[in-house]
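If you count the sequence shown from 1, position 10 lands on 367 in the numbering used here, and the numbers rise without skipping.
We treat Cβ as the ideally placed atom computed from N, Cα and C, and that holds for glycine.
Source: prediction; values computed, not measured.
Each remark here refers to the structure printed beneath this line.
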Amino acid sequence: MEHINWQHVESQPENEMQRLLHGRGFHFAESEHINIDWFSPVILIILYKEMKAKDLQRLSAQLLHKMTEIGFTVESIQVQFRCRDFAPTEILYGEPITDLIARENTLKYKINLGSKQNYGIFLDMKNGRQWLQNNSENKSVLNLFSYTCAFSNAAIAGGAERVINLDMSKAALAVGRDNHRLNGHDLSRVKYFAHDLFKSWGKVKRFGPYDIVIADPPSLQKGSVNIKRDYPKIIRRLPDLLTADGVALLCLNSPDLDLIFLREVIAEECPQAVIIAQISPPELFLNIEPERGLKCLLLRLNREPNEWDCY
């Protein structure tokens with residue numbers, strides 16, 4: 358509780374989703390096993406190590422008191438046990454709210470609590486989505502490993518001409534379509550393909566070339582994605598996928614692989630590429646060991662960068 362920046366929390370609109378505490382940044386030894394998120398009207402505590410029941414109840418009571426004090430309405434406090442098999446969720450206070458709509462930078466997203474480990478969006482990618490929204494006007498975008506299409510929503514909100522979303526999960530893509538509907542987007546500008554990327558290069562290329570390619574693969578997805586094995590396959594395809602002045606946003610969220618890995622793969626598989634910027638996660642998400650946190654590089658092929666607005 359003492360490590361939460363309450364002044365920052367209070368400065369945000371009540372319905373803006375945000376991380377209250379990022380213990381997994383390992384800056385505070387006593388709370389390195391805890392993340393706390395806010396999805397109005399729900400507080401979600403995520404545990405990576407067991408806590409005593411009385412300590413968990415005390416934390417819940419403190420959060421309820423403080424959030425109410427700053428004027429936020431709390432209807433549910435839930436805890437997700439990432440330290441247990443299947444990441445079960447329990448209710449500590451109030452109603453068992455599972456489905457809700459949260460906001461980020463005026464965009465709306467469906468959030469689902471209690472049924473899966475991931476709830477529908479990755480908060481540490483906020484700056485990446487903001488970059489895309491700022492730079493997507495009249496652009497063609499390829500969104501690989503699109504999950505629930507948060508990047509796609511940011512692109513269309515920024516004026517993208519079209520977005521191609523590719524993910525193996527039909528259910529995730531269905532949520533992505535719902536997110537576009539929530540935001541009143543023109544669905545004719547968005548396509549969804551529930552395919553295995555590594556068996557679908559022909560179809561992906563056929564809809565190109567693209568002004569922007571987003572690659573945000575899962576660290577390890579059994580049976581489908583292995584970063585060390587598969588990221589080189591993606592990067593070597595970039596010259597076939599990008600327009601002459603296109604840009605790729607390459608994301609790496611594995612704590613076991615650093616930027617050196619990504620830079621070396623780029624140098625080996627796409628030597629004509631030039632890294633033009635790194636997009637850092639929001640300050641709250643910075644890791645005491647930055648290489649273990651989220652890493653994002655912007656690159657272009659070996660040409661002048663045109664009008665790109667880079668962080």
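Linking ALA624 to ASN659 through their CA atoms gives a straight-line distance of about 12 angstroms.
When C-beta atoms of the segment 427-440 are compared with those of the segment 483-494, fewer than three pairs fall below 8 angstroms, so the two segments do not count as touching. The beta carbon of LYS548 sits closer than 6 angstroms to those of ILE521, all from its chain and outside the five residues before and after it, given in chain order. With a cutoff of 8 angstroms on beta-carbon distance, LEU641 and CYS608 are scored as not near each other. When the alpha-carbon of LEU606 is set against those of ASN362, GLU518 and PRO574, the nearest one is in PRO574.
By the beta-carbon neighbour count (other beta carbons within 10 angstroms, threshold 16), PHE396 is buried.
According to the DSSP assignment, THR425 belongs to the alpha helix (DSSP H) that extends over 410-426. Looking at the backbone, the Cα of SER576 and that of PRO612 are separated by about 9 angstroms. Remark: three or more beta-carbon pairs, one from each stretch, lie closer than 8 angstroms, so the segment 467-486 and the segment 503-516 are flagged as touching.
The alpha carbon of ILE636 has as its nearest neighbour, out of ASP524, LEU489, ILE584 and ARG594, the alpha carbon of LEU489. Cα atoms of LEU464 and ASN484: separation of roughly 14 angstroms, rounded to the nearest angstrom.
Per DSSP, the unbroken alpha helix (DSSP H) holding GLY485 starts and ends at 483-492. Between the C-alpha atoms of ILE571 and PRO370 there is a straight-line separation of about 29 angstroms. Counting only residues of its own chain and dropping the five nearest sequence neighbours on each side, PHE385 has a CB closer than 7 angstroms to the CB of HIS360. Per DSSP, the continuous beta strand (DSSP E) segment holding VAL520 begins and ends at 519-523. Exposure of ILE427 is indicated by the presence of fewer than 16 other C-beta atoms within 10 angstroms of its C-beta. In this structure, ILE632 places its C-beta atom within 8 angstroms of the C-beta atom of LEU656.
Short of 6 angstroms from the beta carbon of ILE393, and not among the five residues preceding or following it, lie these beta carbons of its own chain, in chain order: LEU377, LEU378 and ILE402. Counting along the chain, the unbroken beta strand (DSSP E) around LYS548 starts and ends at 547-550. By the CB criterion at 8 angstroms, ASP568 and THR600 fall inside the cutoff. According to the DSSP assignment, LYS585 belongs to the alpha helix (DSSP H) that extends over 584-593. Just measuring C-alpha positions, the residue of LYS406, GLY515, PRO566 and LYS467 sitting nearest ARG534 is LYS467. DSSP, reduced to helix, strand and coil, places HIS365 within a helical segment of the structure shown. Counting the other CB atoms within 10 Å of its CB gives PHE443 a total below 16, which places it among the exposed residues. For the set VAL399, TYR588, GLU621 and HIS390, the Cα lying nearest the Cα of LYS406 is the one of HIS390.
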